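Numbering (the working numbering), first residue to last: 7 to 742.
Contents: one structure, followed by commentary.
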């Protein structure tokens, strides 16, 4: 039944299975044809991947573009859930464990390993929201040393904008989610112990992307952060418009196989959507953002437009889990039932930086997070959890996260380095080369790892006060002796923190744009020149906003210094004459609908001026125009007559065909785009292709009217005395 529904040729509003009604999928997602073949304008941005950073980037382009931009999101996986799984009741979804080869069927419903490597990796969550639905939520701000290898302007921008991202992710109120007697006692104990361990620099509250309180009255809290709710809310806002004018689409089960380029431009996207091979044209002004994880984005770049440096500088994190349990009487007096506690310890050595993510609970099991990170739907379950947290020992996990040093010169020819490249031996189900990933710790990395693990043991022992008060968990049991060095380490590929293979400064610039392309971008940790010891999510989110802002500023018209916008407040001050209408589709963008009529600016008349108008049409038959210097049309019906502008003003024509209604022929230079209609011929056709923006610069001085189209003068009317030297400005809507 599910297979039939997936490929069903019949059209239904909402699909139903034996168990559920797919309202969420239907209301949030679109088919490829719904998004692409709806008669609307070409897309201004296409984001490949709706995971943690792709969903976030797409939403920010949509928001920062003030509704002016059309955004398409292509996601290889299906829609799964609309928020972090720990915000939901227990529904049986878990993150997948590391594997070396993909078994061929999704693990944990949606997890796959698209690449091969020298070590085990969990791979990707192929679904809307991606790994943001599963991540632990730790989001510490990088230190100055963590950002030492970053470009100075990007580093300054990150530092200036971290606070805004922290607020959005729920990290700004660090004690909001984790608080209580156990936290208070342990925080003080760790601060005391930290002064006795040489490599430890500071003890901080836990920077968790969880918001326990509402951000403002009348709102629910954000709970554990995921990119999915952000994207979902923007999609539902955009869905209020018909598909032809809608500004944001999400198409799932669509795997991009290759980007077609011509010179410095991405011109098409080859893809497979629900088993069908398609090609999506890309206009030169459309930004294409690769956001399908560090490895897959780099693989797609290597397959489509390879350049020096791609795949080098691969970094991950060194991770260990030191688990201890310490007798309660080692600490100050604590109540019987305890809530979990969490905090962050930062450290450094000559080799680099590390931090310890501390979690603690009064539980018997070796999992200090057993009662954390979950929604509790009823009071009885809450009491049950509280009753379980009365053990006579405190279980503490000290999860170490250490940095791997950057190496821009890494590659297959450099033994012992970390890199990725396209495999010469294996292709995926679409016939494309898989990525091969080589992640290796250097001698300096291992030295840092040793210091970090020893710091965890030293801190734990100082908390206990005596070896008699502490036990260590390893080899699946508790021991009185600490674990041998290296015993509690995780594999290099287990943290989901792959980074650096499209590093800014070499492969990309400070906005994430590929240096060898004009309209190609990357989002996520792939662009990091240095990973540092901090979890990458906070920095990658802040960078994604920077990328989205750069795309929006490139695409959205911006007034020059000294100019002012007549559309700065939408259609305020404008009035419609005749039939049809204009509708505001963004902060400073309007579209014509039906006709024939005129939208005119009533607040002011203008004499000599320069008027800049950015416009685009979607069909060769589209017809419009810009009217200037016409008298007031009056008010009421029939005095409010659009023909006044035609008879007494000037029209700068928009008509690619140059249609002459008197002769019913095309090609008349007095009637084509750029002409002062019927008064001064357009001596050149300089319009951009359909769907792309064009710019009129209309200079009016005395009796002269000069028209530039995309920077080239196309018509000039000199010394005409038949029309007023002062008047209103208007925009024509000629036909549907």
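Here a beta-carbon is modelled for each residue, glycine too, at the ideal position from N, C-alpha and C.
Here the structure is a predicted model, which is why all the values come from computation and not from measurement.
The beta carbon of residue 125 lies closer than 7 Å to those of 445, 497, 498, 499 in the same chain, with the five residues before and after it left out.
Taking 8 Å as the upper bound for CB-CB distance, residue 406 and residue 354 are not in contact here, some 13 Å apart.
When the five nearest sequence neighbours on each side are left out, the beta carbons in the same chain lying within less than 6 Å of the beta carbon of residue 113 are those of 102, in order along the chain. With respect to the 8 Å criterion, residue 293 and residue 50 are classified as neighbours on the basis of their beta carbons.
Taking C-beta separations shorter than 7 Å and ignoring five residues to either side along the sequence, the partners of residue 661 in its chain run 629, 677, 678, 679, following chain order. DSSP places residue 559 in the uninterrupted alpha helix (DSSP H) bounded by 543 to 561. Judged by DSSP secondary structure, residue 193 falls outside any beta strand (DSSP E) and instead within the alpha helix (DSSP H) spanning 187 to 200. With fewer than 16 other beta carbons inside 10 angstroms of its own, residue 559 counts as exposed. Counting along the chain, residue 427 sits inside the beta strand (DSSP E) bounded by residues 425 to 433. For the options 352, 229, 686, the alpha carbon positioned closest to that of residue 211 is the one of 352. Taking 3 residues as the minimum length, the beta strand (DSSP E) runs contained wholly in the region 615 to 700 are 615 to 621, 630 to 636, 656 to 660, in order along the chain. Exposed is the label assigned to residue 609, since fewer than 16 other Cβ atoms lie within 10 Å of its Cβ. Apart from the 5 residues on each side of it in sequence, residue 617 sits with its Cβ closer than 6 Å to the Cβ of 704 in its chain, given in chain order. Close CB contacts of residue 215 within its chain, under the 6 Å cut and outside five residues either way in sequence, are with 143, 145, 175, 176, 177, 231 (chain order).
Minimum Cα-Cα distance from residue 600 among the listed residues 593, 592, 587 corresponds to 587. Per DSSP, the beta bridge partners of residue 702 are 619, 715. By the C-beta criterion, the region 680 to 698 is judged to be in contact with the region 715 to 731, since at least 3 inter-stretch pairs fall below 8 Å. Taken in chain order, the whole beta strand (DSSP E) runs of length 3 or more contained in the region 112 to 138 number zero. The count of Cβ pairs closer than 8 Å, one atom from the region 527 to 544 and one from the region 288 to 304, reaches three, so the stretches are in contact.
With at least 16 other beta carbons inside 10 angstroms of its own, residue 92 counts as buried. Between residue 454 and residue 357, the gap from beta carbon to beta carbon is short of 8 Å. The three-state secondary structure of residue 362, taken from DSSP, is strand. In this structure, residue 613 sits away from residue 633, with a CB-CB distance that is not shorter than 8 Å.
Listed in chain order, the non-local C-beta contacts of residue 88 below 7 Å within the same chain comprise 30, 234, 235, 238, local neighbours out to five positions each way being set aside. By the C-beta criterion, the region 104 to 111 is judged not to be in contact with the region 19 to 35, since fewer than 3 inter-stretch pairs fall below 8 Å. The alpha-carbon separation between residue 340 and residue 479 amounts to approximately 24 Å. Within the region 29 to 73, the alpha helix (DSSP H) runs of at least 4 residues that lie entirely inside it are, in chain order, 29 to 34, 38 to 42, 58 to 70. Burial check for residue 627: the Cβ neighbour count within 10 Å stays below 16, so the residue is exposed. Distance between residue 137 and residue 693, taken at the CA atoms: about 44 Å.
In the displayed model, residue 455 falls within a helix according to three-state DSSP. The beta-carbon distance between residue 254 and residue 77, rounded to whole angstroms, is 5 Å. This is short enough to meet the 8 Å contact definition. Of the other Cβ atoms in all chains shown, 16 or more fall within 10 Å of the Cβ of residue 426; this residue is therefore buried. A check of alpha carbon separations from residue 314 across 521, 579, 402, 725 identifies 521 as the nearest. Straight through space, the alpha carbons of residue 477 and residue 37 are spaced by roughly 56 Å. If you ignore the 5 residues before and after residue 35, its C-beta comes within less than 8 Å of the C-beta of 85, 134, 256, 257, 258, all in its own chain and listed in chain order. In the DSSP assignment, residue 282 falls within the beta strand (DSSP E) that extends over 282 to 287.
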